[in-house]
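A.B. asks: In the working numbering, the protein residues as written are 161 to 631. No residue lacks a Cβ here, since even glycine has one placed at the ideal position from N, Cα and C.
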């Protein structure tokens, strides 16, 4: 029988600036652990047998106790990373923290994968089993964080030629801290771990400037899935559109593809008083912006396979009395379906060039080679692991969700091996998730109690997918 020890709160816990809901207290968690352990003792599973993800085993209880014990340190890691955010391919400090931690725990460690990525491999001593990869993204965003939190970022940088702050406005600080805690708990339970776990600490998930290829795609190109190759890959994401403790997932497509384009319109410069003496690239560009919207509204089945085309910047000229020689537009294309994505890319080029030609100008369309394909959960893997997520979330808190237009380069991993990508709600009770600030907003907030939910989910997924602790 497992002996349970109540873990005291960290002495600095009173300094928490973000709300911690009481719904998942350590006392409540440990009470649940008792029930899990008892159920495991009463219903043992034979070694090597197929394990249902929803079945409870003694290992689950031991993992939960370890999760509760490391929670305070996990939150401290999150706050440290939050206070020192780094943009894509600049995560030097964060990567050093990760690599040092993994080496201390006995992981095989590769550094500088895709510039700053870290891959840690732990081979279990509990017998043969599959290879499971877990991903956490490490990069922050060029967003200025408002004052208020004692661990708020004050980092400044230059982005797109302008000074801005740097902030973990998407929860990657939480993802990294959770996977650091996963690493430590799994290492402590190595004797019961079957198979192998690969931890992927990924840079540049948010993308890079100047059409640079990085992130998950570059990690794969540089061998992150080699020696050994994973049988499956999983990742979580913190989201404000769900309440604290809720877990959401989608069977099939979860995130849209994303492609960035640049359109250079070449006109002929002239005096603003004599527009007929030149070709106005601003007017041509404005017509292109309008015409591009007909792709989404008139050329695709918006019910079956919608696309979104957005022009995000339009730059031209430097004086009010000069019609310039050139205009440049940049934007993004998002789609769920590969065929719709390819069709829309072709039509953006055809429409831009055709509109420009009809107005005596020229247009050149360039697509970024760093485009991201749509992300999808493997239906068989999602179905197999749904009972695990339901066990962690609790009654009524595992919520199937619809696909969304946000990008996620986890798709590169999940197109190589079966993938599972799920979301953890971070909005506390008393706050309407519909009004909570979204990811990428400077007002994005995380109820830090969500980190324990994410940690337990990851630990139970590893135990259940690998069949660990079944002897």
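For residue 516 and residue 425, which I take to be in contact (beta-carbon distance under 8 Å), what is that distance rounded to the nearest angstrom?
C.D. replies: Counted from its first residue, the chain shown places residue 516 at position 356. Counted from its first residue, the chain shown places residue 425 at position 265. Their Cβ separation, rounded to whole angstroms, is 6 Å, which keeps residue 516 and residue 425 in contact under 8 Å.
A.B. asks: Does the contact criterion of 3 or more C-beta pairs under 8 Å hold for the region 255-265 versus the region 341-348?
C.D. replies: Yes: at least three Cβ pairs fall under 8 Å.
A.B. asks: Looking at residue 255: is its Cβ nearer than 9 Å to the Cβ of residue 278?
C.D. replies: In the chain shown, the residue the question calls residue 255 occupies position 95. In the chain shown, the residue the question calls residue 278 occupies position 118. It is a contact, given that the beta carbons lie within the stated cut-off.
A.B. asks: Rounded to whole angstroms, what is the Cα-Cα separation between residue 475 and residue 523?
C.D. replies: Locating residue 475 in the chain shown gives position 315, where the first residue counts as 1. Locating residue 523 in the chain shown gives position 363, where the first residue counts as 1. Roughly 14 Å between the two C-alpha positions.
A.B. asks: Using CA coordinates, which residue listed in 316, 272, 356 is at the minimum distance from residue 374?
C.D. replies: What you label residue 374 is simply residue 214 of the chain shown in a count that begins at 1. Ranking the options by Cα distance to residue 374, first place goes to 272.
A.B. asks: Is it true that the region 535-545 meets the region 567-583, where meeting means three or more beta-carbon pairs spaced less than 8 Å apart?
C.D. replies: Yes, they touch.
A.B. asks: Measure the alpha-carbon distance for residue 293 versus residue 518 and round it to whole angstroms.
C.D. replies: As a working note, residue 293 is residue 133 in the chain shown. As a working note, residue 518 is residue 358 in the chain shown. About 52 Å.
A.B. asks: To the nearest angstrom, how far is the alpha carbon of residue 431 from that of residue 442?
C.D. replies: Working through the chain shown from its first residue, we reach residue 431 at position 271. Working through the chain shown from its first residue, we reach residue 442 at position 282. Whole-angstrom Cα-Cα distance: 14 Å.
A.B. asks: Do residue 599 and residue 329 come within 9 Å of each other at the CB atom, strictly closer than that value?
C.D. replies: As a first step, residue 329 must be located in the chain shown, where it is residue number 169. As a first step, residue 599 must be located in the chain shown, where it is residue number 439. In this structure, residue 599 lies closer than 9 Å to residue 329 by Cβ.
A.B. asks: Identify the residues that DSSP records as bridge partners of residue 539: which are they?
C.D. replies: If you number the chain shown from 1, residue 539 lands on position 379. Residue 539 pairs with nothing; no bridge assigned.
A.B. asks: Mind pulling the beta strand (DSSP E) runs of 3 or more residues that sit fully within the region 480-538?
C.D. replies: Counting whole runs of 3 or more residues, the region 480-538 contains the beta strand (DSSP E) stretches 486-495, 522-527, 535-537.
A.B. asks: What did DSSP end up calling residue 581 once you bin it into helix, strand or coil?
C.D. replies: The residue labelled residue 581 in the question sits at position 421 within the chain shown. Of the three classes helix, strand and coil, the one that applies to residue 581 here is strand, per DSSP.
A.B. asks: Can you tell me which of 503, 358, 339 puts its alpha carbon nearest to the alpha carbon of residue 241?
C.D. replies: Numbered from 1 along the chain shown, position 81 holds the residue referred to as residue 241. Ranking 503, 358, 339 by Cα distance to residue 241 puts 339 first.
A.B. asks: Do residue 607 and residue 404 have their CB atoms nearer than 9 Å?
C.D. replies: The residue you call residue 607 lines up with position 447 of the chain shown. The residue you call residue 404 lines up with position 244 of the chain shown. Contact: yes.
A.B. asks: Can you tell me the Cβ-Cβ gap for residue 602 and residue 304, rounded? I've got them flagged as a contact below 8 Å.
C.D. replies: Reading the chain shown from its first residue, position 442 is the one you call residue 602. Reading the chain shown from its first residue, position 144 is the one you call residue 304. Their Cβ separation, rounded to whole angstroms, is 6 Å, which keeps residue 602 and residue 304 in contact under 8 Å.
A.B. asks: Do residue 492 and residue 468 have their C-beta atoms within less than 9 Å of each other?
C.D. replies: The residue given as residue 492 occupies position 332 in the chain shown. The residue given as residue 468 occupies position 308 in the chain shown. Contact: yes.
A.B. asks: Let me know the secondary structure DSSP gives residue 591 once reduced to three states.
C.D. replies: As a first step, residue 591 must be located in the chain shown, where it is residue number 431. Residue 591: coil per DSSP, three-state reduction.
A.B. asks: Is the beta carbon of residue 342 closer than 9 Å to that of residue 298?
C.D. replies: Counting from one through the chain shown, the residue named residue 298 turns up at place 138. Counting from one through the chain shown, the residue named residue 342 turns up at place 182. Cβ distance not < 9 Å, so residue 298 and residue 342 don't count as in contact.
A.B. asks: On a Cα-Cα basis, can you pick out the residue from 529, 319, 360 that is closest to residue 379?
C.D. replies: Working through the chain shown from its first residue, we reach residue 379 at position 219. Out of 529, 319, 360, 360 has the C-alpha closest to the C-alpha of residue 379.
A.B. asks: What three-state label does DSSP hand residue 573 in the structure shown?
C.D. replies: Reading the chain shown from its first residue, position 413 is the one you call residue 573. In the structure shown, residue 573 sits in a helix (DSSP, three-state: H, G or I).
A.B. asks: On the three-pair Cβ rule with 8 Å, is the region 384-398 touching the region 608-617?
C.D. replies: They touch, by the three-pair rule.
A.B. asks: So, are the CB atoms of residue 296 and residue 336 less than 9 Å apart?
C.D. replies: The residue labelled residue 296 in the question sits at position 136 within the chain shown. The residue labelled residue 336 in the question sits at position 176 within the chain shown. Yes, they are a contact pair.
A.B. asks: CB-CB under 7 Å to residue 247, same chain, minus the five flanking residues each way: which ones, in chain order?
C.D. replies: What you label residue 247 is simply residue 87 of the chain shown in a count that begins at 1. If we look at residue 247 and ignore the five residues flanking it on each side, its Cβ neighbours are 299, 300, 302, 317, 326.
A.B. asks: Please list, in chain order, all residues of the same chain as residue 280 whose beta carbon is under 6 Å from its beta carbon, the five residues on each side excluded.
C.D. replies: Sequence index remark: in the chain shown, residue 280 carries index 120 (1-based). The residues are 262, 267, 269, 359.
A.B. asks: If we call anything under 9 Å between Cβ atoms a contact, is residue 354 one with residue 243?
C.D. replies: Within the chain shown, the letter at position 194 stands for residue 354. Within the chain shown, the letter at position 83 stands for residue 243. No; because the gap between Cβ atoms is not below 9 Å, this pair is not in contact.
A.B. asks: Between residue 628 and residue 352, what straight-line distance do the alpha-carbon atoms span, to the nearest angstrom?
C.D. replies: Counted from its first residue, the chain shown places residue 628 at position 468. Counted from its first residue, the chain shown places residue 352 at position 192. Answer to the nearest angstrom: the Cα atoms are 6 Å apart.
A.B. asks: Spatial neighbours of residue 618 within its chain, please: C-beta separation below 8 Å, excluding the five flanking residues on both sides.
C.D. replies: Numbered from 1 along the chain shown, position 458 holds the residue referred to as residue 618. These residues qualify, in order along the chain: 294, 338, 339, 342, 394, 396.
A.B. asks: DSSP beta-bridge partners for residue 408?
C.D. replies: Mapped onto the chain shown, residue 408 falls at position 248. Answer by DSSP bridge pairing, in chain order: 559, 583.
A.B. asks: In its own chain, which residues sit with a C-beta less than 6 Å from the C-beta of residue 333, not counting the 5 before and 5 after it?
C.D. replies: Along the chain shown, one-based indexing puts residue 333 at 173. Closer than 6 Å at the Cβ level, and outside the excluded window around residue 333, lie 238, 241, 242.
A.B. asks: Could you name the residues that DSSP lists as bridge partners for residue 319?
C.D. replies: The count along the chain shown starts at 1 and reaches residue 319 at position 159. Looking at the DSSP assignment, residue 319 forms a beta bridge with 322.
A.B. asks: DSSP three-state label for residue 417, please.
C.D. replies: Position 257 of the chain shown, counted from the first residue, corresponds to residue 417. Three-state result, residue 417: strand.
A.B. asks: Which value, in whole angstroms, describes the spacing of the CA atoms of residue 624 and residue 250?
C.D. replies: Working through the chain shown from its first residue, we reach residue 624 at position 464. Working through the chain shown from its first residue, we reach residue 250 at position 90. Near 35 Å, if we compare the C-alpha coordinates of residue 250 and residue 624.
A.B. asks: In three-state terms, what does DSSP make of residue 431?
C.D. replies: Translated into the one-based positions of the chain shown, residue 431 becomes position 271. Note: residue 431 maps to strand in three-state DSSP.
A.B. asks: Could you give the distance in angstroms between the alpha-carbon of residue 274 and the alpha-carbon of residue 589?
C.D. replies: In the chain shown, residue 274 corresponds to position 114, counting from 1. In the chain shown, residue 589 corresponds to position 429, counting from 1. Those two C-alpha atoms are separated by around 39 Å.
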